[in-house]
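See structure below.
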Amino acid sequence: MEKLIITAAICGAEVTKEHCSCVPYTIDEIVREAKSAYEAGASIIHLHVREDDGTPTQSKARFKLAIDAIKEQCPDVIIQPSTGGAVGMSADERLQPTELNPEMATLDCGTLNFGGDDIFVNTENDIIEFAKRLQFRNIKPELECFEKGHIDSVLRLHKKGYISGPLHFSFVLGVNGGMSGELRDFLFMKESLPQDATFSVAGIGRYEFPLATAAILSGGHVRVGLEDNIYLQKGILTNSNGELVEKIVRIANELGREIASPDEARKILGI
Ligand code: KMH
Ligand code: ZN
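Given below as structure tokens:
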């Protein structure tokens, strides 16, 4: 089996220090969390940024500060800025970090309810515009799919040439409004992919570690981090993103799956 690529989603846009005190807001805190994840074995940092008071922002300048500071501490890590940002942001706002030409960025592949009254809007035309931007700048898309219909959209847009291969999917399962993170849902998603695609799984909340284990066993890759889950185990908050990554490394070691370095991850993903 290929080595395991671990992505750390260290910050997100929704989780706050009230949920878990180690959620990073300032640049120093973001670097601290990225470094802890990288040193534990993460080869990709999925990055959102915040103002110092915790407000989510897609500001190009703020991303540049964070990326430069992370690169000083973790020189070879792959940085994957979010183009999802936070619910309610405009497409132009969300796309700002692509102007920094990162190696990767997310591409959200469909609209869904996002808990409560929020709707995370990604129309087909939005997806095409975002995909064109990534293609133009030679940025590898991480194809975030929150349910099976999103995979179908990707395959249709890939056929039309809007999304170039090799395709790398990320199943984000367990969002309230998206597909749940039961094993059967994961298997349905995985079996819907073309043979030559790679995939990673991000299980939200209690789904994080069971789905990570399923991904490790089935040749997929894994995303963990405070964006998705703040608990190390039931009722025990994590002290850092690094602790969440360490747990994945322990599980992977037990199951005989080696961990990919950032350069090995680049090869696997065709970056
Ligand atoms: N914050 C969510 C609304 C992404 O990073 O591309 C969207 C999100 C997806 O987190
Ligand atoms: Zn995100």
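Numbering-wise, this note's numbering comes out as the position in the sequence shown, counting from 1, plus 1. Heads up, the beta-carbon is just placed ideally off N, CA and C, and yes, glycines get one too.
For Thr112, the distance from the CB to the nearest heavy atom of the ligand ZN is not below 8 Å. A distance filter of 7 Å between CB atoms and the heavy atoms of the ligand KMH selects the following residues in sequence order: Gly13, Ala14, Glu15, His47, His49, Ser83, Thr84, Gly85, Gly86, Ala87, Val88, Thr107, Asp109, Phe115, Phe121, Glu145 and Glu228.
Across the structure, Glu209 and Glu30 are spaced so that their CA atoms are roughly 23 Å apart. Contact annotation: Glu104 and Ile272 have beta-carbon atoms nearer than 9 Å. In the three-state reduction of the DSSP assignment, Phe147 falls in the coil class, being assigned neither a helical nor a strand state. Per DSSP, reduced to three states, the secondary structure at Lys4 is coil, with no helix or strand assignment.
Per DSSP, Gly204 is one residue of the beta strand (DSSP E) stretching across Thr199 to Gly204. Listed as beta-bridge partners of Asp53 by DSSP are no residues whatsoever. By DSSP's assignment, Asn114 forms a beta bridge with Ile120.
When the five nearest sequence neighbours on each side are left out, the beta carbons in the same chain lying within less than 7 Å of the beta carbon of Gln136 are those of Ser165, in order along the chain. Closest option to Gly150, judged by alpha-carbon separation, among Ile129, Phe172 and Tyr163: Phe172. Lys191 is classed as buried because its beta carbon has at least 16 other beta carbons within 10 Å across all chains shown. When the Cα atoms are used, Arg95 and Gly85 turn out to be separated by approximately 6 Å. Of the other Cβ atoms in all chains shown, 16 or more fall within 10 Å of the Cβ of Ala266; this residue is therefore buried.
Thr17 sits in coil when the DSSP states are folded into three classes, being neither helix nor strand. With a contact defined as Cβ atoms closer than 8 Å, Leu5 and Ala261 qualify at about 6 Å.
Here the alpha carbon of Asp53 sits roughly 27 Å from the alpha carbon of Glu247.
Within the segment 162 to 228, the runs of beta strand (DSSP E) that reach at least 3 residues and sit entirely inside it are, in chain order, 169 to 174, 199 to 204 and 222 to 225. When secondary structure is reduced to three states using DSSP, Leu256 falls in the coil class, being assigned neither helix nor strand. Assigned with DSSP and collapsed to three states, Ile272 falls in coil, not helix or strand. Around the C-beta of Ser241, 16 or more other C-beta atoms lie within 10 Å, and the residue is accordingly described as buried. Distance from the C-beta of Ala10 to the nearest heavy atom of the ligand ZN is below 8 Å. Less than 9 Å separates the beta-carbon of Ile11 from that of Leu48. Residue burial is scored here from C-beta neighbours: Arg51 has at least 16 other C-beta atoms within 10 angstroms and is therefore classed as buried. For Pro76, the three-state secondary structure derived from DSSP is coil.
By the C-beta density criterion, Thr214 is buried, having at least 16 other C-beta atoms within 10 angstroms. Boundaries of the beta strand (DSSP E) around Tyr232: Tyr232 to Gln234.
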